[in-house]
Amino acid sequence: MKFSWRILVLWTLPLLVIGFFVWQGIFSPSLGLSENAANTRMTYGRFLEYLEAHRITTVDLFEGGRTAIVEAIDPDLDNRIQRLRVDLPGNTPELVSRLREEGISFDIHPASNNGAIWGIVGNLIFPVLLIVGLFLLFRRSNNVGGGPGQAMNFGKSKARFSMEAKTGVMFDDVAGIEEAKEELQEVVTFLKKPERFTAIGARIPKGVLLIGPPGTGKTLLAKAIAGEAGVPFFSISGSEFVEMFVGVGASRVRDLFKKAKENAPCIIFIDEIDAVGRQRGAGIGGGNDEREQTLNQLLTEMDGFEGNTGIIIIAATNRPDVLDSALLRPGRFDRQVNVDAPDIKGRLEILDVHARNKKLSDEISLEAIARRTPGFTGADLANLLNEAAILTARRRKEAMEMVEIDDAIDRVIAGMEGTPLVDSKSKRLIAYHEVGHAIVGTLVKEHDPVQKVTLIPRGQAQGLTWFMPSEDQGLISKSQLMARIMGALGGRAAEETIFGDAEVTTGAGNDLQQVTAMARQMVTRFGMSDLGPLSLESQQSEVFLGRDLMARSEYSEEIASRIDGQVRAIVEHCYDKTLQIIRENRVVVDRLVDLVIEKETINGDEFRQIVSEYVQVPEKERFIPQL
Ligand code: ADP
Ligand code: MG
Ligand code: ZN
Numbered sequence: 000m001k002f003s004w005r006i007l008v009l010w011t012l013p014l015l016v017i018g019f020f021v022w023q024g025i026f027s028p029s030l031g032l033s034e035n036a037a038n039t040r041m042t043y044g045r046f047l048e049y050l051e052a053h054r055i056t057t058v059d060l061f062e063g064g065r066t067a068i069v070e071a072i073d074p075d076l077d078n079r080i081q082r083l084r085v086d087l088p089g090n091t092p093e094l095v096s097r098l099r100e101e102g103i104s105f106d107i108h109p110a111s112n113n114g115a116i117w118g119i120v121g122n123l124i125f126p127v128l129l130i131v132g133l134f135l136l137f138r139r140s141n142n143v144g145g146g147p148g149q150a151m152n153f154g155k156s157k158a159r160f161s162m163e164a165k166t167g168v169m170f171d172d173v174a175g176i177e178e179a180k181e182e183l184q185e186v187v188t189f190l191k192k193p194e195r196f197t198a199i200g201a202r203i204p205k206g207v208l209l210i211g212p213p214g215t216g217k218t219l220l221a222k223a224i225a226g227e228a229g230v231p232f233f234s235i236s237g238s239e240f241v242e243m244f245v246g247v248g249a250s251r252v253r254d255l256f257k258k259a260k261e262n263a264p265c266i267i268f269i270d271e272i273d274a275v276g277r278q279r280g281a282g283i284g285g286g287n288d289e290r291e292q293t294l295n296q297l298l299t300e301m302d303g304f305e306g307n308t309g310i311i312i313i314a315a316t317n318r319p320d321v322l323d324s325a326l327l328r329p330g331r332f333d334r335q336v337n338v339d340a341p342d343i344k345g346r347l348e349i350l351d352v353h354a355r356n357k358k359l360s361d362e363i364s365l366e367a368i369a370r371r372t373p374g375f376t377g378a379d380l381a382n383l384l385n386e387a388a389i390l391t392a393r394r395r396k397e398a399m400e401m402v403e404i405d406d407a408i409d410r411v412i413a414g415m416e417g418t419p420l421v422d423s424k425s426k427r428l429i430a431y432h433e434v435g436h437a438i439v440g441t442l443v444k445e446h447d448p449v450q451k452v453t454l455i456p457r458g459q460a461q462g463l464t465w466f467m468p469s470e471d472q473g474l475i476s477k478s479q480l481m482a483r484i485m486g487a488l489g490g491r492a493a494e495e496t497i498f499g500d501a502e503v504t505t506g507a508g509n510d511l512q513q514v515t516a517m518a519r520q521m522v523t524r525f526g527m528s529d530l531g532p533l534s535l536e537s538q539q540s541e542v543f544l545g546r547d548l549m550a551r552s553e554y555s556e557e558i559a560s561r562i563d564g565q566v567r568a569i570v571e572h573c574y575d576k577t578l579q580i581i582r583e584n585r586v587v588v589d590r591l592v593d594l595v596i597e598k599e600t601i602n603g604d605e606f607r608q609i610v611s612e613y614v615q616v617p618e619k620e621r622f623i624p625q626l
């Protein structure tokens, strides 16, 4: 029964109370509508006096002549008519005959039984409902294993976790993260044949923590484990534990484990565990009570079941550094599996998986796609092929071709394509800006080569210069960083050289942000400045706002200003060189701008070809990964 008694009871109480008063007003035994208007009373003696003085105009008798509502004229108040209520001494036939004599209009209203019954019902029904309501409320709170604070039981009915009896995902569907798969293969065996381990006294791990950036397949992997082992999959996201009401999260944890125990063996998957599992007591204001309670409950539950009940908890996070150490100690999430973004080989395998159900033309080489997509995660690649399939369908083609793939890559990286600008001054300025990036990127040896320059807007950008991404090799040299800074400054340098200092635009805002961030990291993290090999700042983590504020003073005020000085020096040095490159190559820059305005897009080879007619283009060393 999905119907929630709790809600009913909660709402019934106040409604009952309100209803009671309303009902009383309408149905309590009444003298009819006129009674409301005659709240002023008059004594019987006074009434007789009035009668004597002929001040009474009408009389209505109620309740078998026990009460009367009379209308009387008040000579003191300009003969205004007053409505008054009189209690009579019982059935008085003389009064009736007197009224008749006097010619006063009168009426006798019989006592209505109907009204009396309603009155009794009205008086009884609400107390009865109230008692029933209270009874239900107490019954609920006694039943559902809760101590105080459980009466309302908010967490109970909002079961926010989901259960899949069969996930339908197999290890075959997960590609490119072989090491992770191998480690987790064992978990499948734990679930399928626990005897094998318990027989020799091995303790089966309770928790596995999957660590990796978003989209690398953590959720998929957890589902695959459940799928391979053929067990139900319970999942909840850490953020769903955290609620406005203190105690709700904890009660959800309890619920989740209760359900899981009923369905063991099974997998409990907690996504984004960092949302609840952050270090306790961190942050401004000493942390969040609700979160801590939830976390404590989670820890308690994990300790509370034996390793052999057949429940394995898999949690995912991309921020293992912020997790509370209590979560990571043995007996909890003691297994940690890294799920990283795939390398080129992994990307190829993932593309294989997702190309299975798509129609690709023969000219498509998945290897070429894998080479073009360094840094893409599994989710990006899945999205890429899906976008390409949508484009193919939209273009009414039989099978997907490389054009669709190219368009889809651009779209996944930079967003939707817009309509090209018409030729105008601002289009020229954008053209100079982009050609500026591209020419600096081409002429600085350590910079990645240009892939294409385009004036077709995409996402937020009015124009774009694409560089060939290099396979991530982990280490980046100082000269490469300087080259990147110069490349990023190329746009602004071109604007300034061609249009003058007063005409530069806001278009470079993003570039400058990147430039500053890179230069600052060179100084404070990589020891690449005159300040020497010092690490002055740890990696930015805005998670613990408070802690960062506290930790700001790793260095003195004096060092702080020297850092600023060094950052400035790096950027200025790079900017000078960039300006120089633009000035020295003004002729070819002008020619390239004309070309890109005419054609909207120039590809890298053509670009280099034209530049090489004027100056020597340095040969770039490229790392080509083997497959
Ligand atoms: P995460 O949980 O790490 O953020 P998901 O598991 O939700 O990532 O991945 C989202 C989608 O991306 C998956 O449903 C799947 O289609 C695709 N995907 C991600 N990683 C992989 C992978 N390694 N192999 C195959 N598909 C993947
Ligand atoms: Mg996920
Ligand atoms: Zn730019």
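If you count by numbering that gives the first Met the number 0, then the sequence shown holds residues 0 to 626, one letter each, in order.
Where a beta carbon is used, it is the ideal one built from N, C-alpha and C, also for glycine.
- Query: Can the beta-carbon of A228 be found less than 9 Å from the beta-carbon of L255?
  - Reply: Not closer than 9 Å, so no.
- Item | Proximity test, G216 beta-carbon vs ligand 1 heavy atom, cut-off 8 Å | Checking every heavy atom of ligand 1 against the Cβ of G216, one is found closer than 8 Å.
- Have a look at E34 and G89 and give me their C-alpha separation to the nearest angstrom. Residue confidence is low: E34 scores 45 on pLDDT, short of 50, so the model does not pin down where it sits. Its coordinate-derived value is still stated next. Approximately 19 Å between the Cα atoms of the pair.
- Query: Per DSSP, what kind of secondary structure is K630 in: helix, strand or coil?
  - Reply: Beyond the ends of the chain as shown, which are 0 and 626, falls residue 630; an answer cannot be given.
- Message: Short of 7 Å in beta carbon distance, which residues of its chain neighbour G216, apart from the five on each side in sequence? Order them along the chain.
- Response: The beta carbon of G216 sits closer than 7 Å to those of V173, I176, V338, G377, all from its chain and outside the five residues before and after it, given in chain order.
- Could you give the distance in angstroms between the alpha-carbon of N356 and the alpha-carbon of V186? Each residue's Cα considered, the two are about 29 Å apart.
- With DSSP run on the structure shown, which of helix, strand or coil describes S27? Because the pLDDT of S27 is 48, which lies under 50, any placement of that residue in the model is unreliable, and the question is left without a value.
- Which first and last residues belong to the beta strand (DSSP E) in which A492 is found? Careful: A492 lies outside any beta strand (DSSP E), inside the alpha helix (DSSP H) at 477-498.
- List the endpoints of the continuous beta strand (DSSP E) containing S234. Where S234 is concerned, the enclosing beta strand (DSSP E) starts and stops at 232-236.
- Message: Is any non-hydrogen atom of ligand 1 found closer than 8 Å to the C-beta of A225, if you look at the structure I gave you?
- Response: Set against 8 Å, the gap from the CB of A225 to the closest heavy atom of ligand 1 is not smaller.
- Task: From the DSSP output, in three-state form, read off G545 for me.
- Result: For G545, the pLDDT reaches just 47, beneath the cut-off of 50, and the residue's location in the model is therefore unreliable, although a value from the coordinates is still provided. DSSP places G545 in helix when its eight states are reduced to three.
- Item | Residue interval of the beta strand (DSSP E) (run including D73) | Going by DSSP, D73 is part of the beta strand (DSSP E) stretching over 66-73.
- What do you reckon, is the C-beta of G211 under 8 Å from a heavy atom of ligand 1? Shortest gap from the CB of G211 to any heavy atom of ligand 1: under 8 Å.
- Look at the alpha carbon of L359 and the alpha carbon of N584, and state the distance between them as a whole number of angstroms. Roughly 44 Å separates the two Cα atoms.
- Message: Buried or exposed, going by whether 16 or more other CB atoms sit within 10 Å of the CB of F268?
- Response: Flag for F268 reads buried.
- Does the separation of the CB atoms of V616 and V434 fall below 9 Å? Taking 9 Å as the Cβ cut-off, V616 and V434 do not qualify as a contacting pair.
- Message: So, with DSSP's three-state summary, where would you put T57?
- Response: The answer is strand: DSSP assigns T57 an E or B state.
- What number of angstroms, rounded off, separates the C-alpha of R546 from the C-alpha of N602? The predicted model places R546 with a pLDDT of 49, which falls under 50 and marks its position as unreliable; any figure quoted below should be read in that light. Approximately 48 Å between the Cα atoms of the pair.
- Item | With 16 other Cβ atoms within 10 Å as the buried cut-off, status of A274 | A residue is called buried when at least 16 other Cβ atoms come within 10 angstroms of its Cβ; A274 meets this threshold and is buried.
- Between which two residues does the alpha helix (DSSP H) carrying G44 extend? In this chain, the alpha helix (DSSP H) harbouring G44 covers 43-51.
- Mind checking who M399 pairs with in its DSSP beta bridge? According to DSSP, M399 bridges with L359.
- Task: Answer with buried or exposed for D59, where buried requires no fewer than 16 other C-beta atoms within 10 angstroms of its C-beta.
- Result: D59 sits buried, since 16 or more C-beta atoms from the chains shown fall within 10 Å of its C-beta.
- Cα-Cα separation, A487 to E495: Going by the C-alpha atoms only, they are around 14 Å apart.
- Query: Say the cut is 8 Å; is the CB of G506 nearer than that to a heavy atom of ligand 3?
  - Reply: Judged by the Cβ position, G506 qualifies as a neighbour of ligand 3 at the 8 Å threshold, a heavy atom of the ligand being closer than this.
- At a cut-off of 8 Å, is V614 close to ligand 1 when judged by its beta-carbon and the heavy atoms of the ligand? For V614, the Cβ stays outside the 8 Å cut-off from all heavy atoms of ligand 1.
- Within 10 angstroms of its Cβ, does L474 collect 16 or more other Cβ (buried), or is it exposed? L474 should be labelled exposed.
- Task: Under the assumption that E70 contacts T91 (Cβ atoms under 8 Å), give the Cβ distance between them as a whole number of angstroms.
- Result: The distance from the Cβ of E70 to that of T91 is about 19 Å, inconsistent with a contact at the 8 Å cut-off.
- Item | Whole-angstrom distance between F125 and G118, CA atom to CA atom | Their backbone Cα atoms lie some 12 Å apart in a straight line.
- Closest Cα partner of A221 within the set I311, A249, L297: The residue with the shortest Cα to Cα distance from A221 is I311.
- Item | Check whether D406 and E416 have beta carbons under 9 Å apart | For D406 and E416, yes; Cβs fall inside 9 Å.
- Item | Beta-carbon proximity check, F235 vs D270, cutoff 9 Å | Residue 235 is actually Ile in this sequence, not Phe. Against a cut-off of 9 Å, the Cβ pair of D270 and I235 comes out as a contact.
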